[in-house]
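A quick write-up on the structure given underneath.
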């Protein structure tokens, strides 16, 4: 099965077309995985914030509906099994970041990609260069790089590459 992991910027870059592209990808047999940490950032935190702009609230609600309808599958890595990967990712992402930049959702994505690639071919859609480099190096070191592909959201806006 083809598994696609979406980071926050991939979802944001799809904009208003995101729901239709999700329906198309899932109907074509692609499993779309949304890391729980990304859901926390794009849905829960937005809906919990009293001062969130209405367009952000609408987008958060749309993502929640896609989850509720089963089009987006929520996953988080097995923390005990992948704690070393999470720690490394957190350190690498924090390196060269501004002091006020808090490492959030991205620290869990490399571990989730590693876990999912044990049984499936995984495509990570992200424009984040540091995240891409981290995933490339970790999967290479773990001997699973041939199970993982990286794609930019601007090339994958229709998710066509992930469909085969």
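Residue numbers (the numbering used here): 513 to 676.
Ideal Cβ positions, reconstructed from N, Cα and C, are used throughout, including at glycine.
The model shown is predicted, which means the values in this text are computed figures rather than measured ones.
Cut-off 8 Å between Cβ atoms - residues of its own chain near residue i, not counting five sequence neighbours on either side
i           : result
residue 679 : The structure shown does not extend to residue 679, since the chain is modelled only from 513 through 676, so no value can be given for it.
residue 657 : 648 and 651
residue 666 : 525 and 639
7 Å CB neighbourhood of residue i in its chain, flanking five on each side removed
i           : result
residue 553 : 520, 616 and 617
residue 659 : 629, 633 and 634
Closest by C-alpha distance to residue i, when choosing among the options
i           : options               : result
residue 571 : 623, 653, 627 and 551 : 551
residue 594 : 535, 518, 621 and 660 : 621
residue 545 : 518, 581 and 577      : 518
residue 619 : 558, 598, 563 and 649 : 598
residue 579 : 623, 569 and 534      : 534
residue 543 : 585, 566, 637 and 638 : 585
residue 590 : 626, 661 and 663      : 626
Proximal residues to residue i (C-beta, below 6 Å), its chain only, five neighbours per side dropped
i           : result
residue 612 : In this prediction, residue 612 scores a pLDDT of 48, lower than 50, which makes its location untrustworthy; the coordinate-derived value is nonetheless stated afterwards. Correct list: empty, nothing qualifies.
Limits of the unbroken alpha helix (DSSP H) element including residue i
i           : result
residue 646 : 641 to 653
residue 622 : 621 to 628
residue 578 : 566 to 580
residue 536 : 530 to 539
Boundaries (first-last residue) of the beta strand (DSSP E) holding residue i
i           : result
residue 523 : Counting along the chain, residue 523 falls outside any beta strand (DSSP E), though it belongs to the alpha helix (DSSP H) covering 520 to 526.
Assumed close pair residue i, residue j - CB separation to whole angstroms, cut-off 8 Å
i           : j           : result
residue 547 : residue 588 : 7 Å
| query | If you pair each beta-carbon of the stretch 628 to 648 with each one of the stretch 584 to 604, do three or more pairs fall below 8 Å? | reply | Contact holds: three or more Cβ-Cβ distances are below 8 Å.
| query | Between the stretch 556 to 575 and the stretch 642 to 662, are three or more C-beta pairs nearer than 8 Å? | reply | No, they do not touch.
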